[in-house]
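Once you know that position 237 of the sequence shown is 237 in the UniProt record's numbering, the rest is easy, because the numbers rise by one and skip nothing.
Here is the structure we will look at, set down as C-alpha coordinates.
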Amino acid sequence: MATKKDLKSIYEYKPSNPRDPKMPSLERTSDYNNGSSFDDSDFYFESSIGVNDSSKNSQKEDNSSVLIDGLEDSKKNASNVIAKIKGINETTKTLEEKTNEELFTSEIVMPDPTSELNIFNAFANRKYRALEEMSRTKEIIKNTRGEVRLKLTEKEVKKILETFRSKVVKVTQKEVVIKNNKYGFEIYRNSSDKRYWVAASCFEEIWDPKKNSYVNLWSGNSFTGYGYHDFDQVINQTITMMTKGKTGSIIWRDFVTGWSKQKNRFYASDTPTQFTYSEYKKIVKWYRENKIWILVKQAKVKDIEDLMEENKMKRKTGEPISAMSTIQAKLLEPPRRASLVFGYPVKDPNYKGKDYANPENKLYEIGFAFTE
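Structure, rendered in C-alpha coordinates:
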(Lines of atoms letter the chains of each structure in order from A; the text may use other names.)
(Lines give C-alpha, C1' and ligand atoms only; values in the text may rest on other atoms or scores of the structure.)
Protein backbone atom coordinates (compact mmCIF):
# COMPACT_ATOMS: atom_id res chain seq x y z
CA MET A 1 0.00 0.00 0.00
CA ALA A 2 0.96 3.53 -0.77
CA THR A 3 1.96 5.60 2.21
CA LYS A 4 1.51 9.32 2.77
CA LYS A 5 5.10 9.93 1.73
CA ASP A 6 4.41 8.28 -1.64
CA LEU A 7 1.39 10.57 -2.17
CA LYS A 8 3.40 13.67 -1.33
CA SER A 9 6.08 12.63 -3.76
CA ILE A 10 3.53 12.97 -6.58
CA TYR A 11 3.36 16.72 -6.06
CA GLU A 12 7.16 16.94 -5.91
CA TYR A 13 7.53 15.40 -9.36
CA LYS A 14 10.01 17.04 -11.68
CA PRO A 15 10.37 16.08 -15.35
CA SER A 16 13.67 14.91 -16.64
CA ASN A 17 13.48 17.28 -19.63
CA PRO A 18 11.89 20.57 -18.60
CA ARG A 19 11.90 21.74 -22.25
CA ASP A 20 9.85 18.83 -23.51
CA PRO A 21 7.27 20.31 -26.01
CA LYS A 22 4.70 17.65 -25.14
CA MET A 23 4.66 18.68 -21.50
CA PRO A 24 1.65 20.99 -20.77
CA SER A 25 2.30 24.36 -19.25
CA LEU A 26 0.39 25.35 -16.16
CA GLU A 27 1.15 29.03 -16.46
CA ARG A 28 -1.77 31.35 -17.33
CA THR A 29 -1.31 33.42 -20.45
CA SER A 30 -3.53 36.29 -21.60
CA ASP A 31 -5.06 35.94 -25.09
CA TYR A 32 -5.10 39.70 -25.52
CA ASN A 33 -1.28 39.89 -25.37
CA ASN A 34 -0.86 37.44 -28.22
CA GLY A 35 -1.45 40.08 -30.83
CA SER A 36 0.96 42.58 -29.37
CA SER A 37 3.71 39.98 -28.79
CA PHE A 38 3.42 38.46 -32.22
CA ASP A 39 6.69 36.72 -33.05
CA ASP A 40 7.47 36.94 -36.75
CA SER A 41 10.92 35.41 -36.57
CA ASP A 42 9.62 32.13 -37.95
CA PHE A 43 8.60 33.82 -41.20
CA TYR A 44 12.18 34.84 -42.11
CA PHE A 45 15.01 32.70 -43.31
CA GLU A 46 18.49 33.37 -44.49
CA SER A 47 19.56 32.22 -47.89
CA SER A 48 22.98 30.66 -48.39
CA ILE A 49 23.25 32.36 -51.79
CA GLY A 50 25.27 35.48 -51.74
CA VAL A 51 22.94 38.16 -50.47
CA ASN A 52 24.05 41.44 -48.98
CA ASP A 53 23.22 42.43 -45.45
CA SER A 54 21.55 45.61 -46.67
CA SER A 55 19.06 43.66 -48.84
CA LYS A 56 18.30 41.40 -45.90
CA ASN A 57 17.57 44.36 -43.66
CA SER A 58 15.34 46.07 -46.26
CA GLN A 59 13.38 42.85 -46.85
CA LYS A 60 12.80 42.50 -43.12
CA GLU A 61 11.56 46.10 -42.90
CA ASP A 62 9.12 45.55 -45.79
CA ASN A 63 7.72 42.40 -44.24
CA SER A 64 7.28 44.07 -40.87
CA SER A 65 5.43 47.03 -42.48
CA VAL A 66 3.02 44.62 -44.24
CA LEU A 67 2.31 42.86 -40.99
CA ILE A 68 1.72 46.13 -39.16
CA ASP A 69 -0.72 47.28 -41.87
CA GLY A 70 -2.63 44.00 -41.58
CA LEU A 71 -2.87 44.38 -37.83
CA GLU A 72 -4.19 47.92 -38.19
CA ASP A 73 -6.83 46.75 -40.70
CA SER A 74 -7.95 43.98 -38.37
CA LYS A 75 -8.21 46.51 -35.52
CA LYS A 76 -10.37 48.78 -37.70
CA ASN A 77 -12.62 45.89 -38.67
CA ALA A 78 -12.97 44.87 -35.04
CA SER A 79 -13.88 48.44 -34.04
CA ASN A 80 -16.52 48.56 -36.81
CA VAL A 81 -18.03 45.29 -35.62
CA ILE A 82 -18.09 46.55 -32.03
CA ALA A 83 -19.79 49.78 -33.15
CA LYS A 84 -22.45 47.83 -35.06
CA ILE A 85 -23.11 45.61 -32.04
CA LYS A 86 -23.49 48.67 -29.83
CA GLY A 87 -25.96 50.21 -32.32
CA ILE A 88 -28.01 47.02 -32.42
CA ASN A 89 -28.10 46.91 -28.62
CA GLU A 90 -29.26 50.53 -28.46
CA THR A 91 -32.07 49.93 -30.97
CA THR A 92 -33.26 46.83 -29.11
CA LYS A 93 -33.29 48.78 -25.86
CA THR A 94 -35.38 51.57 -27.39
CA LEU A 95 -37.82 49.04 -28.87
CA GLU A 96 -38.18 47.30 -25.52
CA GLU A 97 -38.84 50.63 -23.79
CA LYS A 98 -41.50 51.54 -26.36
CA THR A 99 -43.25 48.18 -26.06
CA ASN A 100 -43.20 48.44 -22.29
CA GLU A 101 -44.74 51.90 -22.50
CA GLU A 102 -47.45 50.63 -24.84
CA LEU A 103 -48.25 47.62 -22.70
CA PHE A 104 -48.21 49.36 -19.34
CA THR A 105 -50.33 52.50 -19.79
CA SER A 106 -52.57 54.20 -17.27
CA GLU A 107 -55.05 55.42 -19.96
CA ILE A 108 -58.44 53.68 -20.38
CA VAL A 109 -58.97 52.49 -23.95
CA MET A 110 -62.68 52.44 -24.93
CA PRO A 111 -64.00 50.31 -27.83
CA ASP A 112 -64.72 52.01 -31.10
CA PRO A 113 -68.52 52.22 -31.56
CA THR A 114 -68.20 52.22 -35.35
CA SER A 115 -65.89 49.20 -35.51
CA GLU A 116 -67.14 45.92 -36.97
CA LEU A 117 -65.48 44.07 -34.07
CA ASN A 118 -67.72 45.83 -31.52
CA ILE A 119 -69.98 43.16 -30.04
CA PHE A 120 -72.76 45.53 -28.97
CA ASN A 121 -73.15 47.36 -32.28
CA ALA A 122 -72.27 44.54 -34.67
CA PHE A 123 -75.86 43.70 -35.60
CA ALA A 124 -76.92 47.35 -35.71
CA ASN A 125 -74.04 48.29 -37.99
CA ARG A 126 -74.82 45.33 -40.23
CA LYS A 127 -78.46 46.44 -40.42
CA TYR A 128 -77.53 50.03 -41.25
CA ARG A 129 -75.15 48.88 -43.97
CA ALA A 130 -77.86 46.69 -45.48
CA LEU A 131 -80.33 49.58 -45.44
CA GLU A 132 -77.79 51.89 -47.05
CA GLU A 133 -77.07 49.36 -49.78
CA MET A 134 -80.77 48.83 -50.38
CA SER A 135 -81.51 52.56 -50.63
CA ARG A 136 -78.50 52.98 -52.91
CA THR A 137 -79.64 50.21 -55.24
CA LYS A 138 -83.19 51.58 -55.28
CA GLU A 139 -81.90 55.00 -56.22
CA ILE A 140 -79.71 53.52 -58.99
CA ILE A 141 -82.66 51.53 -60.37
CA LYS A 142 -84.90 54.57 -60.20
CA ASN A 143 -82.39 56.77 -62.02
CA THR A 144 -81.60 54.21 -64.72
CA ARG A 145 -85.06 52.78 -65.31
CA GLY A 146 -87.24 55.75 -64.40
CA GLU A 147 -90.66 55.55 -62.75
CA VAL A 148 -92.23 52.10 -62.60
CA ARG A 149 -95.77 53.41 -62.93
CA LEU A 150 -97.17 56.17 -65.09
CA LYS A 151 -99.63 58.73 -63.78
CA LEU A 152 -103.31 58.24 -64.45
CA THR A 153 -105.24 61.10 -66.00
CA GLU A 154 -108.02 62.89 -64.13
CA LYS A 155 -110.57 61.49 -66.56
CA GLU A 156 -109.43 57.92 -65.87
CA VAL A 157 -109.50 58.39 -62.08
CA LYS A 158 -112.95 59.97 -62.29
CA LYS A 159 -114.29 57.04 -64.30
CA ILE A 160 -112.97 54.53 -61.74
CA LEU A 161 -114.62 56.48 -58.89
CA GLU A 162 -117.96 56.69 -60.68
CA THR A 163 -117.89 52.98 -61.53
CA PHE A 164 -116.96 51.49 -58.16
CA ARG A 165 -118.05 54.33 -55.80
CA SER A 166 -118.02 53.06 -52.19
CA LYS A 167 -115.60 50.23 -53.00
CA VAL A 168 -112.76 52.72 -53.62
CA VAL A 169 -110.49 52.99 -50.55
CA LYS A 170 -107.36 54.72 -51.89
CA VAL A 171 -106.77 57.22 -54.70
CA THR A 172 -103.38 58.52 -55.87
CA GLN A 173 -101.97 59.83 -59.13
CA LYS A 174 -100.49 56.42 -59.98
CA GLU A 175 -103.00 53.86 -58.67
CA VAL A 176 -106.55 53.41 -57.41
CA VAL A 177 -107.25 50.69 -54.81
CA ILE A 178 -110.63 48.97 -54.51
CA LYS A 179 -111.81 46.79 -51.57
CA ASN A 180 -114.60 44.47 -52.64
CA ASN A 181 -115.13 41.79 -49.97
CA LYS A 182 -112.36 39.41 -48.96
CA TYR A 183 -110.03 40.58 -51.73
CA GLY A 184 -109.27 43.93 -53.27
CA PHE A 185 -108.01 45.23 -56.61
CA GLU A 186 -105.36 47.70 -57.69
CA ILE A 187 -105.63 49.58 -61.00
CA TYR A 188 -102.50 51.26 -62.41
CA ARG A 189 -100.54 51.82 -65.62
CA ASN A 190 -97.14 50.18 -66.11
CA SER A 191 -94.33 52.27 -67.60
CA SER A 192 -92.48 49.35 -69.25
CA ASP A 193 -95.28 48.08 -71.52
CA LYS A 194 -97.61 51.15 -71.34
CA ARG A 195 -100.53 48.91 -70.36
CA TYR A 196 -103.34 49.39 -67.85
CA TRP A 197 -103.25 46.67 -65.23
CA VAL A 198 -105.68 45.34 -62.64
CA ALA A 199 -104.13 43.11 -59.94
CA ALA A 200 -105.93 41.26 -57.15
CA SER A 201 -104.76 42.18 -53.64
CA CYS A 202 -104.90 40.65 -50.16
CA PHE A 203 -105.51 42.84 -47.11
CA GLU A 204 -104.63 42.30 -43.48
CA GLU A 205 -106.84 40.94 -40.70
CA ILE A 206 -108.86 42.90 -39.77
CA TRP A 207 -108.79 45.53 -42.54
CA ASP A 208 -108.03 49.07 -41.33
CA PRO A 209 -109.34 51.80 -43.70
CA LYS A 210 -106.71 54.29 -42.53
CA LYS A 211 -103.66 52.11 -43.23
CA ASN A 212 -104.65 50.20 -46.39
CA SER A 213 -101.69 47.82 -46.22
CA TYR A 214 -101.99 45.11 -48.87
CA VAL A 215 -99.99 42.76 -51.11
CA ASN A 216 -100.72 41.28 -54.52
CA LEU A 217 -102.45 37.92 -54.66
CA TRP A 218 -100.04 35.27 -55.95
CA SER A 219 -100.83 31.74 -57.14
CA GLY A 220 -97.62 29.80 -57.59
CA ASN A 221 -95.05 31.98 -59.33
CA SER A 222 -97.51 34.43 -60.91
CA PHE A 223 -99.81 37.07 -59.47
CA THR A 224 -103.50 37.33 -60.33
CA GLY A 225 -103.75 40.27 -62.73
CA TYR A 226 -104.52 41.33 -66.29
CA GLY A 227 -103.03 44.04 -68.51
CA TYR A 228 -104.65 45.79 -71.50
CA HIS A 229 -103.85 48.73 -73.72
CA ASP A 230 -107.50 49.83 -73.61
CA PHE A 231 -108.64 51.43 -70.34
CA ASP A 232 -112.27 50.29 -70.73
CA GLN A 233 -111.16 46.67 -70.95
CA VAL A 234 -109.45 47.01 -67.58
CA ILE A 235 -112.67 48.36 -66.02
CA ASN A 236 -114.69 45.45 -67.43
CA GLN A 237 -112.06 42.93 -66.27
CA THR A 238 -112.20 44.39 -62.75
CA ILE A 239 -115.98 43.95 -62.64
CA THR A 240 -115.57 40.35 -63.83
CA MET A 241 -112.97 39.60 -61.12
CA MET A 242 -115.30 41.07 -58.48
CA THR A 243 -118.12 38.68 -59.40
CA LYS A 244 -116.45 35.50 -60.71
CA GLY A 245 -113.53 33.22 -59.99
CA LYS A 246 -111.46 32.95 -56.85
CA THR A 247 -111.62 36.66 -56.07
CA GLY A 248 -115.36 37.03 -56.80
CA SER A 249 -117.25 33.99 -55.53
CA ILE A 250 -116.48 34.00 -51.80
CA ILE A 251 -118.22 31.48 -49.52
CA TRP A 252 -118.57 33.06 -46.09
CA ARG A 253 -118.86 30.99 -42.95
CA ASP A 254 -120.85 33.63 -41.09
CA PHE A 255 -120.88 37.37 -40.36
CA VAL A 256 -120.40 39.54 -37.29
CA THR A 257 -123.64 40.82 -35.79
CA GLY A 258 -122.24 42.19 -32.52
CA TRP A 259 -119.30 42.22 -30.15
CA SER A 260 -118.56 42.41 -26.42
CA LYS A 261 -115.44 44.15 -25.19
CA GLN A 262 -115.87 42.92 -21.60
CA LYS A 263 -116.21 39.24 -22.53
CA ASN A 264 -113.90 39.34 -25.61
CA ARG A 265 -116.58 37.81 -27.80
CA PHE A 266 -117.78 38.16 -31.38
CA TYR A 267 -121.43 37.31 -32.04
CA ALA A 268 -121.96 35.78 -35.47
CA SER A 269 -124.94 34.99 -37.68
CA ASP A 270 -125.82 34.27 -41.30
CA THR A 271 -126.82 37.86 -42.07
CA PRO A 272 -124.21 40.64 -41.72
CA THR A 273 -124.63 43.74 -39.62
CA GLN A 274 -123.50 47.10 -40.98
CA PHE A 275 -121.33 49.20 -38.66
CA THR A 276 -120.56 52.88 -38.82
CA TYR A 277 -116.99 54.07 -39.27
CA SER A 278 -116.59 55.10 -35.62
CA GLU A 279 -117.82 51.72 -34.32
CA TYR A 280 -115.83 49.78 -36.92
CA LYS A 281 -112.70 51.66 -35.86
CA LYS A 282 -113.28 50.57 -32.24
CA ILE A 283 -113.68 46.95 -33.34
CA VAL A 284 -110.39 47.07 -35.28
CA LYS A 285 -108.50 48.47 -32.29
CA TRP A 286 -110.06 45.97 -29.87
CA TYR A 287 -109.35 43.02 -32.18
CA ARG A 288 -105.67 43.92 -32.57
CA GLU A 289 -105.14 44.34 -28.84
CA ASN A 290 -106.98 41.14 -27.77
CA LYS A 291 -106.68 38.88 -30.80
CA ILE A 292 -105.58 35.75 -28.94
CA TRP A 293 -108.40 36.05 -26.36
CA ILE A 294 -111.34 36.72 -28.67
CA LEU A 295 -113.82 33.89 -29.32
CA VAL A 296 -116.80 33.68 -31.66
CA LYS A 297 -120.27 32.77 -30.37
CA GLN A 298 -123.23 31.96 -32.57
CA ALA A 299 -126.05 34.41 -31.96
CA LYS A 300 -129.27 32.84 -30.60
CA VAL A 301 -127.55 29.43 -30.39
CA LYS A 302 -126.95 27.87 -26.98
CA ASP A 303 -123.42 26.60 -26.41
CA ILE A 304 -121.52 25.16 -23.44
CA GLU A 305 -120.62 28.64 -22.22
CA ASP A 306 -124.32 29.58 -21.97
CA LEU A 307 -125.09 26.32 -20.17
CA MET A 308 -122.38 26.95 -17.56
CA GLU A 309 -123.68 30.47 -17.03
CA GLU A 310 -127.22 29.15 -16.62
CA ASN A 311 -126.14 26.57 -14.03
CA LYS A 312 -124.19 29.24 -12.18
CA MET A 313 -127.28 31.45 -11.90
CA LYS A 314 -129.35 28.49 -10.68
CA ARG A 315 -126.85 27.78 -7.91
CA LYS A 316 -127.08 31.39 -6.76
CA THR A 317 -130.87 31.33 -6.61
CA GLY A 318 -130.99 27.82 -5.13
CA GLU A 319 -132.83 26.20 -8.00
CA PRO A 320 -132.15 22.51 -8.67
CA ILE A 321 -129.85 21.61 -11.57
CA SER A 322 -131.03 18.90 -13.91
CA ALA A 323 -128.95 15.73 -14.17
CA MET A 324 -129.17 15.98 -17.94
CA SER A 325 -127.01 19.11 -17.87
CA THR A 326 -123.80 17.03 -17.70
CA ILE A 327 -124.84 15.07 -20.80
CA GLN A 328 -125.96 18.27 -22.48
CA ALA A 329 -122.57 19.87 -21.76
CA LYS A 330 -120.81 17.09 -23.67
CA LEU A 331 -123.03 17.60 -26.70
CA LEU A 332 -122.73 21.38 -26.94
CA GLU A 333 -119.84 23.00 -28.77
CA PRO A 334 -117.60 25.62 -27.16
CA PRO A 335 -116.99 29.04 -28.79
CA ARG A 336 -114.43 28.93 -31.60
CA ARG A 337 -111.33 31.02 -32.10
CA ALA A 338 -111.68 34.19 -34.14
CA SER A 339 -109.68 33.69 -37.34
CA LEU A 340 -109.89 34.68 -41.01
CA VAL A 341 -111.74 37.89 -40.13
CA PHE A 342 -112.21 40.21 -43.11
CA GLY A 343 -113.83 43.62 -43.17
CA TYR A 344 -115.03 45.45 -46.27
CA PRO A 345 -116.91 48.68 -47.05
CA VAL A 346 -120.50 48.94 -48.29
CA LYS A 347 -122.60 51.83 -49.49
CA ASP A 348 -124.18 54.18 -46.96
CA PRO A 349 -127.72 54.90 -48.15
CA ASN A 350 -127.80 58.18 -46.24
CA TYR A 351 -124.72 59.62 -48.00
CA LYS A 352 -125.44 61.49 -51.24
CA GLY A 353 -122.01 63.02 -51.96
CA LYS A 354 -119.19 61.96 -54.27
CA ASP A 355 -116.25 61.77 -51.84
CA TYR A 356 -116.08 58.01 -52.18
CA ALA A 357 -112.51 57.55 -50.92
CA ASN A 358 -113.29 59.06 -47.50
CA PRO A 359 -113.74 56.15 -45.02
CA GLU A 360 -116.22 58.14 -42.91
CA ASN A 361 -118.78 58.19 -45.72
CA LYS A 362 -119.29 54.39 -45.78
CA LEU A 363 -120.67 51.53 -43.73
CA TYR A 364 -118.71 48.37 -42.96
CA GLU A 365 -119.40 44.65 -42.71
CA ILE A 366 -117.24 41.91 -41.13
CA GLY A 367 -117.26 38.28 -42.25
CA PHE A 368 -115.52 35.01 -41.34
CA ALA A 369 -114.07 33.01 -44.24
CA PHE A 370 -113.44 29.27 -44.43
CA THR A 371 -109.99 29.54 -46.04
CA GLU A 372 -107.34 32.18 -46.49
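Ideal Cβ placement from N, Cα and C applies to all residues, glycine included.
- For residue 224, the CB contacts under 6 Å within the same chain, skipping 5 residues up- and downstream, are 200, 217 in chain order.
- Spatial neighbours of residue 170 in its own chain (CB-CB distance under 8 Å, excluding positions within 5 residues in sequence) are listed in chain order as 176, 177, 212, 357.
- Remark: C-beta atoms of residue 183 and residue 247 approach each other more closely than 7 Å.
- Between the C-alpha atoms of residue 214 and residue 333 there is a straight-line separation of about 35 Å.
- DSSP links residue 218 through a beta bridge to 223.
- For residue 119, there is no enclosing alpha helix (DSSP H), as DSSP gives it neither H nor E.
- According to DSSP, residue 245 shares a beta bridge with no other residue.
- Inter-segment contact for the stretch 252–263 and the stretch 184–200 is absent: fewer than three beta-carbon pairs are separated by less than 8 Å.
- Closest in alpha carbon position to residue 363, among 259, 281, 339, is 281.
- DSSP, reduced to helix, strand and coil, places residue 148 outside both helices and strands of the structure shown, so it counts as coil.
- Closest in C-alpha terms to residue 327, from the list 370, 159, 23, 307, comes 307.
- Straight-line measurement puts the Cα of residue 351 at about 23 Å from the Cα of residue 271.
- Within the stretch 325–364, complete beta strand (DSSP E) segments of at least 3 residues are found at 341–346, given in chain order.
- The beta carbon of residue 190 lies closer than 6 Å to those of 197 in the same chain, with the five residues before and after it left out.
- Collapsing the DSSP output to three states places residue 233 in a helix.
- In the three-state reduction of the DSSP assignment, residue 301 falls in the coil class, being assigned neither a helical nor a strand state.
- Only exposed fits residue 77, as fewer than 16 other CB atoms lie within 10 angstroms of its CB.
- Between residue 296 and residue 335 the beta-carbon gap is near 6 Å, inside 8 Å, which marks them as a contact.
- Within the same chain, Cβ atoms closer than 7 Å to the Cβ of residue 157 are found at 171, 176, the five residues on either side in sequence being excluded.
- Under DSSP, residue 190 shares a beta bridge with 149.
- With respect to the 7 Å criterion, residue 304 and residue 329 are classified as neighbours on the basis of their beta carbons.
- Secondary structure at residue 166: helix, using DSSP grouped into helix, strand and coil.
- Using a Cβ distance threshold of 7 Å, residue 187 and residue 287 do not count as a contacting pair.
- The straight-line gap separating the alpha-carbon atoms of residue 236 and residue 345 is approximately 21 Å.
- Contact between residue 266 and residue 294 is confirmed by a C-beta separation of about 6 Å, below the 8 Å threshold.
- Only residues of its own chain outside the window of five on either side were considered, and among them 361 have a CB closer than 7 Å to the CB of residue 353, listed in chain order.
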